[in-house]
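Novice:
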Amino acid sequence: MKRLCMAVMAMCLLLSCAEKKEEATLSGLLKSDFVSEVEGKPTALYVLKNKNGAEACITNYGGRLVSVMVPDKNGKMTDVVLGYDNVDQYVKSDGNYGALIGRYGNRINQAKFTLDETEYTLPANDGMHCLHGGPLGYHTRMWDAKQLNDQALELTYLSKDGEAGFPGNLDIKVTYTLTDDNAVDIKYEATTDKKTVVNLTNHSYFNLSGVPGSDVLDQEIMINADNYTPVDETLIPTGISTVAETPLDLRTPVAIGKHINEPFDQLQKGRGYDHNWVLNSNGDKNVLAAKAYSPTSGIALEVYTNEPGIQFYTGNFMDGKDTGKHDVLYPHRGAFCLETQHYPDTPNHPDFPTVVLNPGEKYFSECIYKFTAE
């Protein structure tokens with residue numbers, strides 16, 4: 001009888017352990033929902049935490065920032081980026097939520113560029129242009145992941161010569177660090193064995209309000225830039241112009257929705273803000289490049305970078321039909337992006353800061369998304 005009781009107790013213990021619910025991340029994600037296989041490689045969700053209890057979750061599919069939990073003005077932990085609950089949704093979606101972008105972030109005119117008298121043809125996926133490295137850019141690739149510690153994740157990827165039409169084997173390392181001052185610090189490094197062009201960025205969609213399913217029109221934006229690159233009807237830059245006396249003058253904070261629907265030709269071409277600003281920071285990552293703020297949550301986002309430009313995009317092509325994390329429907333203009341970068345179509349604009357990387361050189365780019373509560 002004693003043995004029978006012990007056996008029953010052991011069985012109950014086993015059943016209890018088996019039925020124990022998986023612990024979710026602070027943002028409500030389950031690691032098991034990111035366990036799959038893409039391109040013959042395992043996918044996973046990696047969790048970073050700092051001493052303040054802030055959290056950042058990243059998947060190695062597309063190197064995507066899935067969630068970022070930071071405190072609002074009342075100390076409530078708040079997810080400030082859009083995304084999905086599982087890796088299958090990311091694989092099926094043609095969106096760029098939180099993704100690493102390359103080999104060339106933004107647009108390349110006519111999906112062509114010339115380097116040392118050789119013309120390279122890229123896949124056109126934005127009308128006649130190549131956008132964000134084409135339909136199979138780095139946002140769709142499997143990155144090899146190594147968690148360095150509780151606060152840092154290293155992702156690596158070898159982009160082979162000829163991939164998406166770009167020359168050179170590009171060996172890439174991206175390090176995500178969640179710092180103790182509640183910043184997501186993204187460092188990009190790359191080397192090549194053949195002359196090529198490189199412009200890497202992150203495509204996180206931010207909504208700082210803490211209100212699921214809201215738009216961002218009441219959130220404020222400031223960009224430290226006297227100039228921007230105006231675009232034609234297909235969003236290809238035509239040069240560099242002053243922001244003065246235009247709705248693109250964001251040198252002092254303004255609500256995103258204040259001017260977004262004005263009959264200004266550049267806003268009409270972009271269906272809102274979808275432009276590259278020429279930063280005044282001159283490559284100094286210690287100088288504030290941009291700042292966004294939600295009066296609802298009190299959460300502010302400061303952006304620092306060594307890049308010469310930043311693309312500010314206001315979710316103009318969000319159609320209100322996409323269901324994201326926790327079954328939330330993302331509305332039109334339900335987020336904004338601040339993509340640190342070199343200028344769009346630089347390979348076809350010799351007057352823009354160069355994006356050429358030569359063998360023996362090291363590409364380095366850094367973007368810091370720092371969150372505070374005010």
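Note that my numbering has the sequence shown beginning at 1, numbered continuously upward.
Glycine included, C-beta positions come from ideal geometry on N, C-alpha and C.
Ordered along the chain, which non-local residues of its own chain (more than five positions away) have a Cβ less than 8 Å from that of Ile101?
Specialist: His132, Gly133, Gly137, Tyr138, His139, Leu200, Thr201, Asn202, His203 and Glu339
Novice: Just to confirm the assignment: which complete alpha helix (DSSP H) runs, minimum length 4, are found wholly within the stretch 86–173?
Specialist: 87–92
Novice: In angstroms, rounded to a whole number, what distance separates the CA positions of Ala10 and Thr25?
Specialist: Any reading at Ala10 needs caution, since the residue's pLDDT is 47, under 50, leaving its predicted position unreliable; the model's value is listed next. C-alpha separation (whole angstroms): 30 Å.
Novice: Determine contact between the stretch 58–66 and the stretch 103–116, defined as no fewer than three beta-carbon pairs at a distance below 8 Å.
Specialist: With a cut-off of 8 Å, the stretch 103–116 and the stretch 58–66 do not count as touching, because too few Cβ pairs lie within range.
Novice: Pull up the distance between the alpha-carbon of Thr179 and that of Thr43, whole angstroms please.
Specialist: Straight-line Cα distance between these residues: approximately 25 Å.
Novice: Quick check on the burial criterion: 16 or more other C-beta atoms within 10 angstroms. Buried or exposed for His275?
Specialist: buried
Novice: CB Ala54 to CB Asn207, shorter than 8 Å?
Specialist: no
Novice: What does the alpha-carbon distance come out to for the pair Leu14 and Lys21?
Specialist: Confidence at Leu14 is low in this model, with a pLDDT of 46, below 50, so its placement is unreliable and the value that follows should be read with caution. Roughly 13 Å between the two C-alpha positions.
Novice: Could you tell me the distance, in whole angstroms, from the CA atom of Gly95 to the CA atom of Ala145?
Specialist: Going by the C-alpha atoms only, they are around 22 Å apart.
Novice: With H, G and I counted as helix, E and B as strand and the rest as coil, what does DSSP make of Gly270?
Specialist: helix
Novice: From the DSSP output, in three-state form, read off Thr346 for me.
Specialist: helix
Novice: Whose C-beta lies closer than 8 Å to the C-beta of Asn52 among residues of the same chain, with five residues either side of it excluded?
Specialist: Pro71, Asp180 and Asn182
Novice: With a Cβ-Cβ cutoff of 8 Å, do Asp79 and Ser36 count as a contact?
Specialist: It is not a contact, given that the beta carbons lie outside the stated cut-off.
Novice: Cβ of Lys370 within 7 Å of any heavy atom in the ligand SAM?
Specialist: Looking for the ligand SAM in the displayed structure turns up nothing, as the structure carries no ligands at all.
Novice: Taking C-alpha atoms, which residue in Met142, Asn74 and Gly165 lies nearest to Leu155?
Specialist: Met142
Novice: Along the chain, where does the beta strand (DSSP E) that runs through Val355 open and close?
Specialist: Premise fails: Val355 is in no beta strand (DSSP E) and is neither H nor E.
Novice: State the DSSP-derived secondary structure class of Ser32, mapped to helix, strand or coil.
Specialist: helix
Novice: Would you list the residues sitting across from Gln311 in a DSSP beta bridge?
Specialist: Asn276 and Glu339
Novice: Comparing C-alpha positions only, which one of Leu158, Ser32 and Tyr176 sits nearest to Ala99?
Specialist: A check of alpha carbon separations from Ala99 across Leu158, Ser32 and Tyr176 identifies Tyr176 as the nearest.
Novice: Bridge partners for Tyr228 per DSSP, in chain order?
Specialist: Ser241 and Trp277
Novice: Going by beta carbon distance, what residues of the same chain come within less than 6 Å of Tyr363, once the five residues before and after it are set aside?
Specialist: Ala190, Val198 and Leu357
Novice: With C-beta atoms as the reference, is Ala290 less than 8 Å away from Asn224?
Specialist: Here Ala290 is near Asn224, since their CB atoms are less than 8 Å apart.
Novice: Is there contact between the stretch 252–266 and the stretch 279–286, where contact requires at least three CB pairs shorter than 8 Å?
Specialist: In this structure the stretch 252–266 does not lie against the stretch 279–286, because fewer than three pairs of beta carbons, one per stretch, are closer than 8 Å.
Novice: In the DSSP assignment, find the unbroken beta strand (DSSP E) run with Phe364 in it and report its ends.
Specialist: Tyr363 to Ala373
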